[in-house]
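K.L.:
The opening residue of the sequence shown carries number 61 in our numbering; numbering runs sequentially from there. By construction, the Cβ of each residue, glycine as well, lies at the ideal position given by its N, Cα and C atoms.
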Amino acid sequence: MSQYWSPAVRELTPYVPGEQPRERVIKLNTNENPYPPAPGVSTALRDYSTDHLRLYPDPTSRALRETLAATYGVNVEETFVGNGSDEVLAFAFQAFFCHGAPLDVPSITYSFYPVYANLYGVTLRKHPLNAKWEVDMDALASVTESSGVIFANPNAPTGHAHSLEAIETLLKRVTDRVVLIDEAYVDFGAESAVELVGRYPNLLVTGTFSKSRSLAGLRLGYAIGSQELIEGLQRVKDSFNSYPVDSLASLVGIEALKDKQHFDACRNNVITTRERTRQRLEQSGFEVLPSKANFILAQHPKFAGAQLFAGLRERGILVRHFNTDMLNNFLRITIGTDDEMDSLVEALEAICR
Ligand SMILES: *Cc1c(COP(=O)(O)O)cnc(C)c1O
């Protein structure tokens with residue numbers, strides 16, 4: 061606490077990211093991709109003329125958005141890009157959810173949403189997951205007096221994904237407010253709702269280059285939605301920072317989007333390794349929730365999550381442990397390379413022996 065802080069800042073509870081260690085560890089704690097970005101990214105960086113840095117970037121990020129639009133089969137006016145999808149989400153909170161009525165969320169979902177709710181003075185109405193650890197879509201749709209709906213699909217940190225059909229059923233019921241589907245993990249085996257954007261003007265889909273495109277260090281995220289929603293986001297952006305996406309990031313993002321072959325190879329590797337890891341952990345007595353993301357949520361009937369977390373840490377393996385009532389006993393484990401996951405399984409077996 062400082063006497064210089066505003067009352068609002070005193071009241072904040074900031075998001076706590078997974079740590080970025082300095083020593084060499086097997087890092088399975090922040091859902092980064094174990095594979096490098098597309099080869100075209102290196103070429104573009106090598107050929108980049110630093111003279112571009114003298115000028116401000118294009119405030120509308122037109123070239124990047126055109127490539128994004130072509131990649132996802134939408135109009136460029138239906139796309140928005142920002143400095144990481146966390147920033148896009150922050151703009152969405154301001155643009156769509158800041159008005160009196162509570163925002164409907166699952167009780168377990170991406171832990172940045174409560175942070176933004178707190179920052180922007182939005183009340184959250186939390187709906188428990190069902191017995192299968194799935195988002196209760198019926199509960200989200202059954203409310204009145206709501207400012208909107210937000211959740212991640214696949215959800216974090218459970219990894220469960222709803223089908224496109226289930227998302228459309230929700231959209232048929234919720235028509236008077238924004239439904240934001242955060243698709244940070246969609247490329248690891250789930251169905252994207254982007255194809256519904258043309259038919260549901262209140263649907264906003266967000267995504268990131270951090271995970272499936274191996275560019276977490278670049279900070280690039282996007283939203284796809286109807287033109288009126290995108291214009292709402294632009295109004296917030298242009299009232300905060302007209303140039304959130306720098307010219308280097310735009311160029312790199314375009315290269316990453318263009319290389320479908322590399323993208324598919326990396327995500328298929330992650331999916332194969334995920335299923336292999338799940339099997340091995342189950343053979344070692346763990347319960348692993350089915351996941352369509354690049355992480356798994358696992359627990360052991362006899363060992364507490366905190367104990368496993370500490371044991372792995374001692375062995376130089378970082379995973380994520382959430383100290384909340386519901387998730388206390390679990391570990392959230394990012395899918396790394398096969399070698400990294402072998403080390404993880406062996407370490408867990410040693411700890412449980
Ligand atoms: C990682 C993550 C993000 C943030 O991605 P950035 O683009 O790196 O800011 C957003 N939503 C969910 C659910 C995530 O897991």
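Kindly list the residues whose CB is nearer than 7 Å to the CB of Glu147, restricted to its own chain and excluding five residues on each side of it in sequence; keep chain order.
P.N.:
Closer than 7 Å at Cβ, skipping near neighbours: Gly281, Pro304.
K.L.:
Contact check, Ala150 vs Tyr176 under 8 Å by CB: the rounded distance?
P.N.:
Sure, about 6 Å apart at Cβ, within 8 Å.
K.L.:
State yes or no: is the C-beta of Ala212 within less than 8 Å of the C-beta of Ala244?
P.N.:
Yes, the Cβ-Cβ distance between Ala212 and Ala244 is below 8 Å.
K.L.:
Candidates Thr73, Asn89, Leu72, Pro74: which alpha carbon is nearest Gln80's?
P.N.:
Looking at the Cα atoms, Asn89 is the closest of the given residues.
K.L.:
Leu240 and Thr266 look like a contact to me (Cβ under 8 Å); what is the Cβ gap, rounded to whole Å?
P.N.:
With a Cβ gap of about 7 Å, Leu240 and Thr266 count as contacting.
K.L.:
Per DSSP, what are the beta-bridge partners of Glu347 in this structure?
P.N.:
DSSP, once it has assigned bridges, lists Gln359 as partnering Glu347.
K.L.:
Could you give the residue range of the beta strand (DSSP E) that holds Ala283?
P.N.:
Its beta strand (DSSP E) spans residues 281-285.
K.L.:
Any heavy atom of ligand 1 closer than 7 Å to the beta-carbon of Thr268?
P.N.:
Thr268 Cβ: within cutoff of ligand 1.
K.L.:
What is the rounded straight-line gap between the Cα of Asp118 and the Cα of Cys158?
P.N.:
Using only the alpha carbons, I get a separation of about 29 Å.
K.L.:
Spell out the partners DSSP gives Phe211 in its beta bridges.
P.N.:
Beta-bridge pairing links Phe211 to Ile241.
K.L.:
Distance, Cα to Cα, Ser270 vs His187?
P.N.:
Cα-Cα distance, rounded: 28 Å.
K.L.:
Rank Ser207, Val165, Gly208 by C-alpha distance to the C-alpha of Leu189 and give the top, closest one.
P.N.:
Nearest of Ser207, Val165, Gly208 to Leu189, Cα basis: Val165.
K.L.:
If you draw a straight line from the C-alpha of Glu194 to the C-alpha of Leu113, how long is it?
P.N.:
Those two C-alpha atoms are separated by around 46 Å.
K.L.:
Ala410: which of Ile377, Arg392, Thr384 sits nearest, CA to CA?
P.N.:
Considering only alpha carbons, the answer is Ile377.
K.L.:
Here's a check: name, in chain order, each residue in its chain whose Cβ is nearer than 7 Å to the Cβ of Phe248, leaving out the five neighbours to either side.
P.N.:
Answer for Phe248: Ser272, Arg327, Val330, Ile331, Lys352, Ala353, Asn354, listed in chain order.
K.L.:
If we ignore side chains and look at the alpha-carbon of each, how far apart do Glu342 and Thr384 end up?
P.N.:
So the two alpha carbons sit approximately 24 Å from each other.
K.L.:
Indicate, with yes or no, if ligand 1 has a heavy atom lying under 7 Å from the CB of Ser252.
P.N.:
It does not: the Cβ of Ser252 is nowhere closer than 7 Å to a heavy atom of ligand 1.
K.L.:
Would you say the beta carbon of Ser274 is closer than 7 Å to some non-hydrogen atom of ligand 1?
P.N.:
False, no ligand heavy atom lies under 7 Å from that Cβ.
K.L.:
What did DSSP end up calling Arg47 once you bin it into helix, strand or coil?
P.N.:
Residue numbering for the chain in the displayed model covers 61 to 413; residue 47 lies beyond these limits and cannot be assessed.
K.L.:
Could you name the residues of the same chain whose beta carbon sits closer than 8 Å to that of Ala366, not counting the 5 residues immediately before and after it, in chain order?
P.N.:
Excluding sequence neighbours, Ala366 sits near His381, Asn383, Asn388.
K.L.:
Identify whether His187 lies in helix, strand or coil by the three-state DSSP scheme.
P.N.:
Three-state result, His187: strand.
K.L.:
Bridge partners of Arg380, per DSSP?
P.N.:
BP columns for Arg380 point to Arg392.
K.L.:
For Pro166, which residues does DSSP report across the bridge?
P.N.:
According to DSSP, Pro166 bridges with His187.
K.L.:
What is the DSSP secondary structure of Leu88, counted as helix, strand or coil?
P.N.:
Looking at Leu88 - three-state DSSP - the assignment turns out to be coil, as it is neither helix nor strand.
K.L.:
Whose C-beta lies closer than 7 Å to the C-beta of Ala364 among residues of the same chain, with five residues either side of it excluded?
P.N.:
Excluding positions up to five away in sequence, the list reads Asn389.
K.L.:
Please report the straight-line C-alpha distance between Glu225 and Val101, rounded to a whole angstrom.
P.N.:
If I take the Cα positions, the gap works out to 35 Å.
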